[in-house]
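Peer 1: Take the position in the sequence shown, starting the count at 1, then add 16; the result is the number in full-length UniProt numbering. Have a look at this one.
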Amino acid sequence: FCASGRMSAIDNLPPLREVIAAHGLSARKSLGQNFLLDLNLTARIARVAGDLTGADVLEVGPGPGGLTRGLLAEGARRVVAVEKDARCLPALAEIAAAYPGRLEVLNADALEVDWAAHLTPPVKVVANLPYNVGTELLVRWLTPPAWPPLWTSLTLMFQREVAERIVAQPGSKAYGRLAILSQWRTEAKIALSLPPEAFTPPPKVRSAVVHLTALPAPRFPADPDVLSRVVAAAFNQRRKMLRASLKGVAPDIEERLRAAGIKPTDRAEQVPLEGFCALAREVAKG
Ligand code: SAM
């Protein structure tokens, strides 16, 4: 309840604009800082991750804590937040004080920290990160040795174009390695689309929140390393026919393509996930 009589404050902490002013958190481009200041929006993003009440949440890049506050207000059992920028720590400490025992902040680089030691399953990952870091983490989270995963779902902000590559279907320009890697092991969908003005400062492009739920097992059997090698070779020369782009993968690649039910004259873009898995199995036969 706030002075205007509207239900608005999700906690008794100051509005994010005041937090940012009080702690001098001017956004740094080098850290990809585009902050979400609307707590109704951050609560909506938190709800994309589903019921949080029985889960630990790993939040990557909390910044001034808008999304962190959304996650805690939505009932997360605990939030472990990894933030590289030490300037954000006092603002995050205020949130920790408002939610005793429920927020742990690690001042670290998300690409280096061993966060598993701080979390108890079930774990949901939620992040509004710089896009390059987000893609790098997504690939790591979907690849051994991080697989099978500690997390049950990933709720990640990306630029819209990257989000479309994650959920892309065969036959589209966006279809490639990221789609195959993501869809092989998860159920991936775009949950929200956000205009640049949702952020302060606004980025140049639209953003989207992608929700990925870990499947109990990959959709089709395949050796992860072989699959990754085949898919990389196929899409590195995506306009070539597969019999040409995959020449280096196996000397008798045409036969193996046929055995996997793929036409050697097809291009990578036309082959569904199931086809790439079948091909990886053929190639793995040695
Ligand atoms: N989650 C906040 C929000 O939604 O308002 C901040 C989002 S801002 C796009 C990205 C945040 O990630 C910044 O606070 C930045 O300092 C942090 N960050 C950037 N690179 C990081 C890294 N490698 N590890 C941890 N945090 C990082």
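Glycine included, C-beta positions come from ideal geometry on N, C-alpha and C. Remember, predicted model here, so these are calculated numbers, not experimental data.
Once you ignore the five residues that flank leucine 105 on each side, which residues in its own chain have a CB closer than 8 angstroms to its CB?
Peer 2: Taken in chain order, the residues that qualify are Glu99, Val121, Asn123.
Peer 1: Is the segment 166 to 177 touching the segment 249 to 258 in the sense that three or more CB pairs, one from each, lie closer than 8 angstroms?
Peer 2: In short, these stretches do not touch, since the Cβ pair count stays below three.
Peer 1: Excluding five sequence neighbours on each side, which residues of the same chain lie with their C-beta closer than 7 angstroms to the C-beta of alanine 266?
Peer 2: The answer, listed in chain order, is Arg272, Val299.
Peer 1: For the segment 216 to 231 and the segment 283 to 293, state whether three or more C-beta atom pairs, one from each stretch, are separated by less than 8 angstroms.
Peer 2: Contact between the segment 216 to 231 and the segment 283 to 293 is absent, because fewer than three Cβ pairs lie under 8 angstroms.
Peer 1: Could you check whether the Cβ of valine 149 sits closer than 6 angstroms to any heavy atom belonging to the ligand SAM?
Peer 2: At least one heavy atom of the ligand SAM is nearer than 6 angstroms to the Cβ of valine 149, so yes.
Peer 1: Given this structure, state the Cα-to-Cα distance separating asparagine 28 from alanine 114, to the nearest angstrom.
Peer 2: One C-alpha to the other measures close to 8 angstroms.
Peer 1: So what's cysteine 18 in DSSP terms, helix, strand or just coil?
Peer 2: Confidence at cysteine 18 is low in this model, with a pLDDT of 41, below 50, so its placement is unreliable and no value can be given for it.
Peer 1: Distance check for valine 96 and proline 161, CA to CA, integer angstroms please.
Peer 2: Roughly 21 angstroms separates the two Cα atoms.
Peer 1: Please state whether DSSP places tryptophan 163 in a helix, a strand or coil.
Peer 2: If DSSP states are grouped into helix, strand and coil, tryptophan 163 belongs with coil.
Peer 1: Can you check DSSP and say which residues form a bridge with glutamine 199?
Peer 2: Answer by DSSP bridge pairing: none, since glutamine 199 is not bridged.
Peer 1: Where does valine 155 fall in DSSP's three states?
Peer 2: Three-state result, valine 155: helix.
Peer 1: Of all the options Trp157, Ile26, Lys45, which has the alpha carbon lying nearest to the alpha carbon of leucine 194?
Peer 2: Nearest C-alpha to leucine 194: Trp157.
Peer 1: Got a sec, what are the start and stop residues for the beta strand (DSSP E) threonine 223 sits in?
Peer 2: One detail in the question is off: residue 223 reads as serine in this sequence, not threonine. Taken as a continuous stretch (DSSP letters only), the beta strand (DSSP E) holding serine 223 covers 223 to 230.
Peer 1: Does phenylalanine 51 come out as helix, strand or coil in the three-state DSSP assignment?
Peer 2: Note: phenylalanine 51 maps to strand in three-state DSSP.
Peer 1: May I have the straight-line CA-CA distance separating alanine 109 from glycine 81, to the nearest angstrom?
Peer 2: C-alpha separation (whole angstroms): 10 angstroms.
Peer 1: Using the DSSP secondary-structure output, state which residues sit across from lysine 220 in a beta bridge.
Peer 2: Beta-bridge pairing links lysine 220 to no other residue.
Peer 1: Given alanine 179, which residues of its chain have a CB within under 7 angstroms of its CB, disregarding the five upstream and five downstream residues?
Peer 2: For alanine 179, where only same-chain residues beyond five positions count, the Cβ hits under 7 angstroms are Ile206, Ala224, Val226.
Peer 1: Looking at aspartate 72 and leucine 135, is the spacing between their C-beta atoms short of 7 angstroms?
Peer 2: Yes; because the gap between Cβ atoms is below 7 angstroms, this pair is in contact.
Peer 1: Leaving out five residues on either side along the sequence, give the residues of the same chain with a beta carbon under 6 angstroms from the beta carbon of proline 31.
Peer 2: Excluding sequence neighbours, proline 31 sits near nothing in its chain.
Peer 1: Is it the case that the CB of glycine 48 approaches a heavy atom of the ligand SAM more closely than 6 angstroms?
Peer 2: Yes, the beta carbon of glycine 48 sits closer than 6 angstroms to at least one heavy atom of the ligand SAM.
Peer 1: Is asparagine 252 near the ligand SAM, going by C-beta to nearest heavy atom under 6 angstroms?
Peer 2: No - the ligand SAM has no heavy atom lying nearer than 6 angstroms to the Cβ of asparagine 252.
Peer 1: Compute every distance between the C-beta of glycine 40 and the non-hydrogen atoms of the ligand SAM, then say whether any falls below 6 angstroms.
Peer 2: Checking every heavy atom of the ligand SAM against the Cβ of glycine 40, none is found closer than 6 angstroms.
Peer 1: Hey, would you say the C-beta of asparagine 56 is under 6 angstroms away from at least one heavy atom of the ligand SAM?
Peer 2: No, Cβ of asparagine 56 sits at least 6 angstroms from all heavy atoms of the ligand SAM.
Peer 1: Rank Val139, Leu41, Lys45, Arg60 by C-alpha distance to the C-alpha of isoleucine 26 and give the top, closest one.
Peer 2: When only C-alpha atoms are compared, the closest one is Arg60.
Peer 1: By alpha-carbon positions, which one of Ala126, Asp54, Leu88, Val155 ends up nearest to glycine 70?
Peer 2: Closest by alpha carbon: Leu88.
Peer 1: Going by alpha carbons, who is nearest to leucine 47 out of Pro217, Met257, Arg297, Ser261?
Peer 2: Of the candidates Pro217, Met257, Arg297, Ser261, the one whose C-alpha sits nearest the C-alpha of leucine 47 is Pro217.
Peer 1: Please list the terminal residues of the continuous alpha helix (DSSP H) segment that includes arginine 94.
Peer 2: Segment 94 to 99 is the beta strand (DSSP E) holding arginine 94; no alpha helix (DSSP H) there.
Peer 1: Compute every distance between the C-beta of phenylalanine 292 and the non-hydrogen atoms of the ligand SAM, then say whether any falls below 6 angstroms.
Peer 2: Because no heavy atom of the ligand SAM lies under 6 angstroms away, the Cβ of phenylalanine 292 does not count as near it: no.
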